[in-house]
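Enquirer: Residue numbers (the working numbering), protein chains in the order written: chain A, 127 to 835; chain B, 425 to 847. Cβ atoms here follow ideal geometry from the backbone N, Cα and C, with glycine treated the same way. Let me begin by handing over the structure; questions about it come next.
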Ligand SMILES: Cc1cc2nc3c(=O)[nH]c(=O)nc-3n(C[C@H](O)[C@H](O)[C@H](O)COP(=O)(O)O)c2cc1C
Ligand code: SF4
Ligand code: SF4
Ligand code: FES
C-alpha cells in the first residue's frame, strides 16, 4: 500500500486510488462534487483542488484536482495550503451564485452535500449582486421531484443514470450556465434505478417525492438497518419512520450486494407498510375457532415471512403439517434449486456478478426479477473496460478516459432468452429457450476464470434449472446464482416444507402465515386462521385473523438467493403495537421463547445450517460501551412537543426485546458494528456522502455448505 | 510547384473561385503526396519535425513532435484517425476560411501526407457549421479526389459540418462532438494521439498547419525555415480587423511585427482613429499596447515575453472605441460558448459578463473592478478544465490592467463615456 503525505502527515492509501478518494477515506475534510466512489472522477467541478508538491523541499507547489491525481508512493499534497484553500472557497462561491437560498424549506436541507461543502469551505457572504438564473421544473412521475434551480451542474445525475444504469430518457441539455438536467418532455423517469438520483445528486434537484410530501427532515427519522423485501437478493437498506409511518427508504452500503445503489422497487415500494393494520388481540382474550389439537391443523408457511416466523409455525403444527403455499411448479423448482445448491454451494453474490469474466443468464429477465443483478451486469462490463484501459495506463477511476478509450462490448454476457429484455444491447451471444446449440458455448464457459451462471424460477422452467446444473458440472470454477420469487424463499426452502399441492386431506383447517398468494391457495383448505400485517380480502374470510408486526416493526432473519443470512431490525413501534408473527405462534403453541435469541437458539439446534449466523448475529444484550445503539438522531426535534396535547411527559421509550437497538435518541452514536449502522454521519458530513469514511461494511453470513454424503 | 515566398496563398484566385482539381494539378498539385508516399512514414514525420512547423491552431506546438507521438508499428491500432480542425470560431479569426474556400486541394494533399506519416486510415475535416461555402467546396474537392482515385485507397476522407459551438474547436471536445457526444473537452492524459476518436490513435491539426505540408515535402525543411524572419519556421497567414484602412489577410514571413502589419500591409489606421491596443491572435490573447508593436509575431518570441501570438489574426482597438464595450462583447462570447463543464468557466464568466454589462449600462461599481481582476486571475491556466477560460482571462486580465481608467470613468459618469461616438 502506497504512503502519501497530506499536509506533511503520512497516510496509507489503497493501490490505484486517486488523492481525493484516499483523503476522504481517511476522514479528511476535502470538499468535492463531481466525484463519487461508484462513478469515478471527471474533474469538472474543480472543488477538490489541493496543492501538489514535487518533494519535501518544494514549498510552493502547484494546484491540482485531487480527484484527477493518482495517489502514488511518496507523493505530497496539502489541503490547507492557502492557494488551494482559497480556490475551493471561490469554487463554492461560483456554485452558489445561482443557487436558491432556501435551505430552510428545501427538501434536501440537513442532508445536503452542497450545504456541507459550503460550510466546510467557509463561504458565508454573498458578493454576486445580479439576478439568479431560473429554470422550469419537470414532472418526472410519482417518485422523483425535480427542482432544477438547485442544480450545481456536477453532471453526476446523467453519469449515473445513463452511463452506469443505462437509462436513456435523462439528458444534459444546453450548455454554459444554462445546462439543464431533465427529460425531453415531462413524464415519469423510465429507468428501474431512477431513485438513486436522490442520493447521487449532491443537492436538492432530484428528491424523493413520497418523502418530501411528509415534510420530514433526516434528523427526525427513526431508522434501523433493514433488508429489502421486494426480491430475493436481499439488498441492504435503511427505512426511515416518523410519527408512525415509513417515510422513505435509503440505501445501506453493502459491497457484497447492492453497493451504493438500490432499485426503485426497493426504494419506493414501501407505502404498503402504512396500510390499515390488521388489529390483534392477546391470545388470552380470544376463542380459538379451529381444532384445539394443533397437530390436526396444517401450517401454510411464507417465503415473505422471517425465518423465525416460519420456524415457529413449523414448531406449532409439526414438520408433517408444514406446507409451502407456492404453486407446485415453484415449489418443485425451489426444492430443486436447494438440491443443486447442496451439491454446489458456491453461490454468486451480486458482487461476484460484477467481478465475473462470463455471465450466463438462463431465462431470467433480470431487470424485472432481480433488478440489481441487471445493474451488476452493466457494472461488470464497465469494469472490463476499466481493466482494458489500465493497459493504456488509464487509471480505473478516470471515468471519462475509460469510456472514451473503450468502445467494444466485452465478451461477457451470454443469454438464453426469447423475449426482448433491457439487457439485450449488452449481450454478446444469445440463444433461444430451447438452448439446442448450448454445446457451442461450453468451450467458452470452460475457459472462463470466474463465470457466473444465473438462472431462476420466474419462467417456471425446470429444464433451465437443470441446464444450469449441467453447466456447473462442466465448469467447476463457475458459481451459481438463482433468482427466487421472494425475499426469504431460500430460508423457507431450508426449513423443508411440503408442497401444498401434495395435501392429502383437502378441506383441512389451516394457519396461514403472511401469505404472498391470495385466495386460490386457501381454496384447498377449510377454515383457516390468518396471521398477517394488514387488512385484506383474506383477513375478512379468515375464521380468525391476527394482526402481526410488518417487517418494519419487527426484527427477523431472511436468507437471500445466495444463501446469505441477514437480519433486518424493527424500525419503529406502532402506537398499538402488534406482536411479531413468531410471538403470536409462540403464544398459540405455549412455547417459552422470551426473545428472538431464545427462539434462534432452538432453531439453531434443530437446523444446524443456521447456526453460524445465529452465532454471529448481535444478540439483544449486545452493547457498545454499555449502551444500546440509538435508532434516533442526536438532534431529533419535536420529541417532547409532538405529544403535548396528550401529556406533558415524554413517553418512555419501549424496550426492544429482540435487538440491541433503542427506540430513542439516547444511546450509542459513534462508530458501530456495520450490521447495526442505519445512517451515515460524521461531523461536517450530514449527507449520505459521510459513508466514504466508512471502514467496515455489513456482510451477513453465507450458510450453504456441501451436503456430506 | 515553384518555391515562393507565399506558398499557401500565391495561387489563390482573385475572382473568389476555388482552385479546382485540374488547375491544382497544373500548378503541380498532388506531386508532394506522391513524393511523400515514396518515403517511409517515419521519414515524413522527421521531415516535418526538421522543418520546425508549429501548430497554426494557436499554440505553435511542434507538428512533427505531435505526429511522432502517434503509435506506429505492428502493435499499433490498425485504425487511426487524422482530423483537420477547421472549426475556426475564434473571434476575429478568418484565416482558415480563405484556405478552405479557395484552396481545398492543398489542404487535402496536406492531409494525405500527414495520414501517410501516421498511417491513418480515416480522415475528417471538421468544419465550422456556418462556413457553408467552405463545406460545399470541400465536399466538391473531396469528391474530385475520390473520383481521381487519390482517396479511397487506404484513406477515407469525410467532411463533417460542426453543429456550431466554439468549444468544438478545442481538439478533445471536437472528438466528443464527432462521436456524437456532448462537446465537452476531455482530460489529458490520455492524449488524442494515443486515445482519440473512438478510443483510437488520432492526430488533430489546424487547416493552415496541414496546408503547409505539401510545400515542406516539395521544397524541404531548410527552405521552409528560410521563409521565416525568426526561429519559428514558415510563413504565417496574418490577419487584421478593426479600424485600419486595409483590413484583411496577409501571408508573410513568420515573425513579421504588428507594426509592419498595421502600417505597411493594412495601410495604417483610418483617419481620425488612433491606435490604442490590439489583440494579436483572436480573442483569447492578451491586449498589446504600443510597446509590443515591434515584437516579432511568432510563437517563441511572444512566449519569451510571456504573451501569446495565438492565431496571428489581429483585432485592433482604436481610441474611439470603448475598451469596456469591447471586453463586454468578448466576454459575452466566451460566457455563451463555455461548454458548462467546469465551474470557474461556467459560473465565473457569467459573473464577469454581468459586471461588464453593468458597466455598459452605467451601473458599474468600484468593487466590481476587484471582482473582474479576481476573475482574470482565477480563470487563468491551471484552474479550469480546458483552455477556453484562460483564453477568456487573457484579454480580461490585460484589459483590467491597461484600461482601468476607462472603468472608473464609467463609474463616475454613470454611463459609457463613448456612448455618443459611432463605432
Ligand atoms: C476553446 C478552444 C477553441 C479552439 N478552436 C480551434 C479552432 O477553431 N481551430 C483550430 O485549429 N484550433 C482550435 N483550438 C486549438 C486546438 O485545441 C488544437 O490545439 C489545434 O487544433 C491543434 O492543431 P495545431 O497543432 O495544428 O495547431 C482551440 C482551442 C481551444 C481551447
Ligand atoms: S441535477 Fe444534481 S446531480 Fe445533476 S448536475 Fe445538477 S446538481 Fe449535479
Ligand atoms: S474551461 Fe471548463 S467550462 Fe469552459 S469550456 Fe473549458 S471545460 Fe468547458
Ligand atoms: S471532485 Fe474533483 S473536480 Fe469535481
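Can you confirm whether the segment 785-798 of chain B touches the segment 670-689 of chain B when touching is taken to mean that 3 or more C-beta pairs between the two stretches lie within less than 8 Å?
Expert: No, because fewer than three Cβ pairs between the segment 670-689 of chain B and the segment 785-798 of chain B fall closer than 8 Å, the two stretches do not touch.
Enquirer: Taking the beta strand (DSSP E) that residue 547 of chain B falls in, what are its first and last residues?
Expert: Counting from 1 along the second chain, the entry for residue 547 of chain B is found at position 123. Here the beta strand (DSSP E) through residue 547 of chain B covers 546-551.
Enquirer: When burial is assigned at 16 or more other CB atoms within 10 Å of the CB, is residue 333 of chain A buried or exposed?
Expert: Mapped onto the first chain, residue 333 of chain A falls at position 207. The residue in question, residue 333 of chain A, is buried, as its Cβ has 16 or more Cβ neighbours within 10 Å.
Enquirer: Could you name the residues of chain A that residue 802 of chain B contacts, counting a contact when the two beta carbons are closer than 8 Å?
Expert: As a first step, residue 802 of chain B must be located in the second chain, where it is residue number 378. The answer, in chain order, is 213 and 216.
Enquirer: Mind checking residue 822 of chain A: buried by the 16 CB within 10 Å criterion, or exposed?
Expert: The residue given as residue 822 of chain A occupies position 696 in the first chain. Exposed, since its Cβ has fewer than 16 Cβ neighbours within 10 Å.
Enquirer: Which same chain residues, not among the five before or five after residue 765 of chain A, have their C-beta less than 6 Å away from its C-beta?
Expert: On the first chain, residue 765 of chain A is found 639 positions in, with the first residue counted as 1. Counting only Cβ-Cβ distances below 6 Å, and skipping sequence neighbours, we find nothing.
Enquirer: By DSSP's criteria, residue 568 of chain B is part of a beta bridge. Which residues make up the other side?
Expert: Taking the first residue of the second chain as position 1, residue 568 of chain B is located at position 144. Bridge partners of residue 568 of chain B: none, in fact.
Enquirer: Output needed for residue 261 of chain A: all residues of its chain with C-beta closer than 7 Å, excluding positions within five of it in sequence on either side, in chain order.
Expert: Translated into the one-based positions of the first chain, residue 261 of chain A becomes position 135. Closer than 7 Å at Cβ, skipping near neighbours: 274, 275 and 306.
Enquirer: Nearest chain B C-beta to residue 530 of chain A closer than 8 Å, yes or no?
Expert: Locating residue 530 of chain A in the first chain gives position 404, counting from the first residue. Yes - at least one Cβ of chain B is within 8 Å of the one on residue 530 of chain A.
Enquirer: Would you decide whether residue 589 of chain B is buried or exposed? Buried here means 16 or more other CB atoms lie within 10 Å of its CB.
Expert: On the second chain, position 165 is the one that residue 589 of chain B refers to. The residue in question, residue 589 of chain B, is buried, as its Cβ has 16 or more Cβ neighbours within 10 Å.
Enquirer: What runs of the beta strand (DSSP E), each 3 residues or longer, lie entirely inside the segment 173-233 of chain A?
Expert: You should have 175-179, 188-191 and 202-204.
Enquirer: What whole-angstrom Cβ distance do residue 417 of chain A and residue 427 of chain A have, given they're in contact under 8 Å?
Expert: Locating residue 417 of chain A in the first chain gives position 291, where the first residue counts as 1. Locating residue 427 of chain A in the first chain gives position 301, where the first residue counts as 1. Not quite, the Cβ-Cβ distance comes to about 19 Å (not below 8 Å), so this is no contact.
Enquirer: Going by DSSP in three states, residue 561 of chain A sits in which element: helix, strand or coil?
Expert: The residue you call residue 561 of chain A lines up with position 435 of the first chain. In this structure, residue 561 of chain A counts as coil in the three-state DSSP scheme.
Enquirer: Let's see if you can read the secondary structure: which residues bound the alpha helix (DSSP H) around residue 630 of chain B?
Expert: In the second chain, the residue the question calls residue 630 of chain B occupies position 206. Taken as a continuous stretch (DSSP letters only), residue 630 of chain B belongs to no alpha helix (DSSP H), being part of the beta strand (DSSP E) at 626-630.
Enquirer: Between residue 225 of chain A and residue 239 of chain A, what straight-line distance do the alpha-carbon atoms span, to the nearest angstrom?
Expert: For the purposes of this step, residue 225 of chain A is taken as residue 99 along the first chain, with counting starting at 1. For the purposes of this step, residue 239 of chain A is taken as residue 113 along the first chain, with counting starting at 1. If you take the alpha carbons of residue 225 of chain A and residue 239 of chain A, they lie about 13 Å apart.
Enquirer: Identify the continuous beta strand (DSSP E) that holds residue 136 of chain A and give its terminal residues.
Expert: Working through the first chain from its first residue, we reach residue 136 of chain A at position 10. That run of the beta strand (DSSP E) goes 135-138.
Enquirer: Cα separation between residue 484 of chain B and residue 659 of chain B?
Expert: As a working mapping, residue 484 of chain B is identified with position 60 in the second chain. As a working mapping, residue 659 of chain B is identified with position 235 in the second chain. In a straight line, the C-alpha of residue 484 of chain B is about 13 Å away from that of residue 659 of chain B.
Enquirer: Is residue 450 of chain B helix, strand or coil by DSSP?
Expert: By one-based count along the second chain, residue 450 of chain B stands at place 26. Residue 450 of chain B falls in the helix class under three-state DSSP.
Enquirer: Does the beta carbon of residue 256 of chain A come closer than 8 Å to any beta carbon on chain B?
Expert: Residue 256 of chain A sits at position 130 when you count from the first residue of the first chain. By this cut-off, residue 256 of chain A is an interface position.
Enquirer: In whole angstroms, what is the alpha-carbon distance linking residue 525 of chain A and residue 586 of chain B?
Expert: The residue labelled residue 525 of chain A in the question sits at position 399 within the first chain. The residue labelled residue 586 of chain B in the question sits at position 162 within the second chain. Going by the C-alpha atoms only, they are around 26 Å apart.
Enquirer: In angstroms, rounded to a whole number, what distance separates the CA positions of residue 249 of chain A and residue 816 of chain B?
Expert: In the first chain, the residue the question calls residue 249 of chain A occupies position 123. In the second chain, the residue the question calls residue 816 of chain B occupies position 392. Roughly 25 Å between the two C-alpha positions.
Enquirer: What residue does the alpha helix (DSSP H) around residue 426 of chain A start on, and which one ends it?
Expert: As a working note, residue 426 of chain A is residue 300 in the first chain. Residue 426 of chain A -> not in any alpha helix (DSSP H); beta strand (DSSP E) instead, spanning 424-427.
Enquirer: Between which two residues does the alpha helix (DSSP H) containing residue 440 of chain A stretch?
Expert: Reading the first chain from its first residue, position 314 is the one you call residue 440 of chain A. Start and end: 433-443.
Enquirer: Mind listing the chain B neighbours of residue 782 of chain A? Cutoff is C-beta to C-beta under 7 Å, in chain order.
Expert: As a working mapping, residue 782 of chain A is identified with position 656 in the first chain. Within chain B, no residue comes near residue 782 of chain A; the closest Cβ sits about 47 Å away, beyond 7 Å.
Enquirer: Determine whether the Cβ of residue 429 of chain B lies closer than 8 Å to any Cβ atom of chain A.
Expert: Here residue 429 of chain B refers to the residue found at position 5 when the second chain is read from its first residue. With 8 Å as the cut-off, residue 429 of chain B does not count as an interface residue toward chain A.
Enquirer: Name the two residues that bound the continuous alpha helix (DSSP H) containing residue 748 of chain B.
Expert: Translated into the one-based positions of the second chain, residue 748 of chain B becomes position 324. 747-761 is the extent of the alpha helix (DSSP H) around residue 748 of chain B.
Enquirer: Using a Cβ distance threshold of 8 Å, determine whether the segment 545-557 of chain B contacts the segment 575-585 of chain B, with at least three qualifying pairs required.
Expert: Taking 8 Å as the limit for Cβ pairs, the verdict is that the segment 575-585 of chain B does touch the segment 545-557 of chain B.
Enquirer: I think residue 749 of chain B touches residue 784 of chain B, with their Cβ atoms under 8 Å apart; what is that distance to the nearest whole Å?
Expert: The sequence position of residue 749 of chain B within the second chain is 325, counting from 1. The sequence position of residue 784 of chain B within the second chain is 360, counting from 1. Confirmed, Cβ separation roughly 6 Å.
Enquirer: Is residue 699 of chain B near ligand 3, judged by its Cβ being under 7 Å from some heavy atom?
Expert: For the purposes of this step, residue 699 of chain B is taken as the residue at position 275 of the second chain. Outside the cutoff, so no.
Enquirer: Run the proximity test for residue 762 of chain B: is its beta-carbon closer than 7 Å to any non-hydrogen atom belonging to ligand 3?
Expert: As a working note, residue 762 of chain B is residue 338 in the second chain. Yes, Cβ of residue 762 of chain B sits closer than 7 Å to a heavy atom of ligand 3.
Enquirer: 8 Å is my cut-off, CB to CB: does residue 831 of chain B come that close to chain A?
Expert: The residue given as residue 831 of chain B occupies position 407 in the second chain. It does not: the Cβ of residue 831 of chain B has no partner Cβ on chain A nearer than 8 Å.
Enquirer: With DSSP as the reference, please indicate the residues paired to residue 376 of chain A in a beta bridge.
Expert: Mapped onto the first chain, residue 376 of chain A falls at position 250. Answer by DSSP bridge pairing, in chain order: A/364.
Enquirer: Are the segment 475-493 of chain A and the segment 566-580 of chain A touching by the rule of at least three beta carbon pairs closer than 8 Å?
Expert: Output reads yes: the segment 566-580 of chain A touches the segment 475-493 of chain A.
Enquirer: How about residue 765 of chain B: is its Cβ closer than 7 Å to a heavy atom in ligand 3?
Expert: Translated into the one-based positions of the second chain, residue 765 of chain B becomes position 341. Flag set: Cβ of residue 765 of chain B near ligand 3.
Enquirer: Just to confirm the assignment, what range does the alpha helix (DSSP H) spanning residue 537 of chain B have?
Expert: For this step, residue 537 of chain B is matched to residue 113 along the second chain. It spans 528-542 - the alpha helix (DSSP H) in which residue 537 of chain B sits, taken as one unbroken run.
Enquirer: Relative to ligand 4, is the shortest distance from any of its heavy atoms to the C-beta of residue 807 of chain B smaller than 7 Å?
Expert: In the second chain, counting from the first residue as 1, residue 807 of chain B sits at position 383. No, Cβ of residue 807 of chain B sits at least 7 Å from all heavy atoms of ligand 4.
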